[in-house]
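Let me begin by presenting the structure, written as structure tokens, before commenting on it.
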Amino acid sequence: MTNMERLQKIIAQAGIASRRKSEELILSGKVEVNGEVVTELGTKANPEEDMITVNGKPIRSENKVYLMLNKPKGVITSASDPEGRKIVSDYLKGVKERVYPVGRLDYDTEGLLILTNDGEFAHLLTHPKHHVPKTYLATVKGVPHGSALDKLKNGIMLEDGMTAPAEVEYKDVDTASNEAVISITIYEGRNRQVRRMFEAINHPVIRLKRISFGGILLQNLKRGLTRKLTKEEVNNLITLAKSEPAKKMKKR
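Counting along the sequence shown from 1, when you hit position 203 you're at 203 in the UniProt record's numbering, and nothing is skipped either side.
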């Protein structure tokens, strides 16, 4: 006998929306159970026996899919683009399930992007309170002095507030082109955060690539290709997200 579960959890696990968005769907009267509209968040149902519909369409449980994509530069992290630019789904031709990006990489940023149809998993990894680390290689204009990088390590004021401490390390310096490659690990997910952090110390980003998400490494995955995350990698991400933030963030 299947246990009864909260509706928002059932909808999220079906890959329709995140847990929070599922709650919004319920509150707005767009969810029905056995033909009756349900608007109370505490309502439970049996996903194997009850007929559950969202916007009039029955939900069905899909196999959970967890993918890593090496997103190329110049690709939109969204389901569609009115300007006709490439989107991440253009690189998912062999994937039958509808999957969604976990967080975003902006148009000019390349590298590791996780995609899934598990709304609860995506919400866990992107919720601000969980501080999942993300590591980037940033090629910046000029060569920042140690005091400038210390500002990033300790947290720097942006227009939307002070950033959390970051881990920053020199990787390479090209004196001929007056560029430096810096590894930076952040624990937040603000819009264009890494680019804005380097702009704040007057060393704008020329190229940006994410190479790690929650300890999962991009490694040798070729640009534009995907691979499935292993069960161990998925479990490690879940464990990391649920662990105490203080254990993951190094105080500077």
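Glycine included, every Cβ here is placed at the ideal spot set by N, Cα and C.
**Q.** Cα-Cα separation between N55 and K30, rounded to whole angstroms
**A.** Rounded to whole angstroms, N55 and K30 show a C-alpha spacing of 5 Å.
(Q) Just to confirm, is the Cβ distance from I186 to A200 under 7 Å? (A) Their beta carbons are not under 7 Å apart, which means I186 does not touch A200 by this criterion.
Q: Measuring alpha carbon to alpha carbon, tell me which of A176, L69, K9 and G214 ends up nearest N220.
A: Comparing alpha carbon positions, the residue from A176, L69, K9 and G214 closest to N220 is L69.
Q) In three-state DSSP terms, what is T226? A) Strand at T226.
Q | Cα-Cα separation between L7 and G189, rounded to whole angstroms | A | If you take the alpha carbons of L7 and G189, they lie about 28 Å apart.
**Q.** First through last residue of the alpha helix (DSSP H) which encompasses S22
**A.** It spans R19 to L27 - the alpha helix (DSSP H) in which S22 sits, taken as one unbroken run.
Q: Decide if H123 is buried, meaning its Cβ has at least 16 other Cβ atoms within 10 Å, or exposed.
A: Buried.
(Q) According to DSSP, is L41 part of a helix, a strand, or is it coil? (A) Shown here, L41 sits in coil according to DSSP, grouped into three states, outside any helix or strand.
Q | Closest residue to L152 among I182, T126, G142 and H127 (Cα-Cα distance) | A | For L152, the nearest C-alpha among the options comes from I182.
**Q.** Beta-carbon separation (whole angstroms), V168 vs I184, contact threshold 8 Å
**A.** That pair is a contact at about 5 Å.
**Q.** Cβ separation of L25 and I11, assumed to be a contact under 8 Å, to the nearest whole Å
**A.** 7 Å between Cβ atoms; contact.
Q: With DSSP collapsed to three states, give me the class of E32.
A: Three-state DSSP puts E32 in a strand.
Q: Let me know the alpha helix (DSSP H) ranges lying completely inside the segment 52-126, each 4 residues or longer, listed in chain order.
A: Runs found: 119-126.
Q: Apply the 10 Å Cβ neighbour rule to L105 and answer buried if 16 or more other Cβ atoms are within range, or exposed otherwise.
A: L105 is buried by the Cβ-count criterion.
**Q.** 8 Å contact criterion, which L229 and I216 should meet: CB distance rounded
**A.** A Cβ-Cβ distance of about 7 Å is found for the pair L229 and I216, placing them in contact under the 8 Å criterion.
Q.
For V38, which residues in the same chain have their Cβ closer than 7 Å to its Cβ, ignoring the five residues on either side in sequence?
A. L7, I26, V31 and E32, listed in sequence order.
Q.
On the criterion of 16 or more Cβ atoms from any shown chain inside 10 Å, does Y170 qualify as buried, or is it exposed?
A. Taking all protein chains shown into account, Y170 has fewer than 16 neighbouring C-beta atoms within 10 Å of its C-beta and is therefore exposed.
Q | Distance, H145 Cα to N117 Cα | A | N117 and H145: Cα-Cα distance of roughly 43 Å.
Q. Can you tell me whether P58 is buried or exposed, with buried defined as 16 or more other CB within 10 angstroms of its CB?
A. By the 10 Å Cβ count, P58 comes out exposed.
**Q.** A17 versus S243 - alpha carbon distance
**A.** Those two C-alpha atoms are separated by around 24 Å.
(Q) For the structure I just gave you, are there three or more beta carbon pairs, one from the segment 74-81 and one from the segment 129-137, closer than 8 Å? (A) No, because fewer than three Cβ pairs between the segment 74-81 and the segment 129-137 fall closer than 8 Å, the two stretches do not touch.
Q.
Spatial neighbours of T239 within its chain, please: C-beta separation below 7 Å, excluding the five flanking residues on both sides.
A. Closer than 7 Å at Cβ, skipping near neighbours: no residue.
Q: Kindly identify the DSSP beta-bridge partner or partners of V140.
A: According to DSSP, V140 bridges with A180 and V205.
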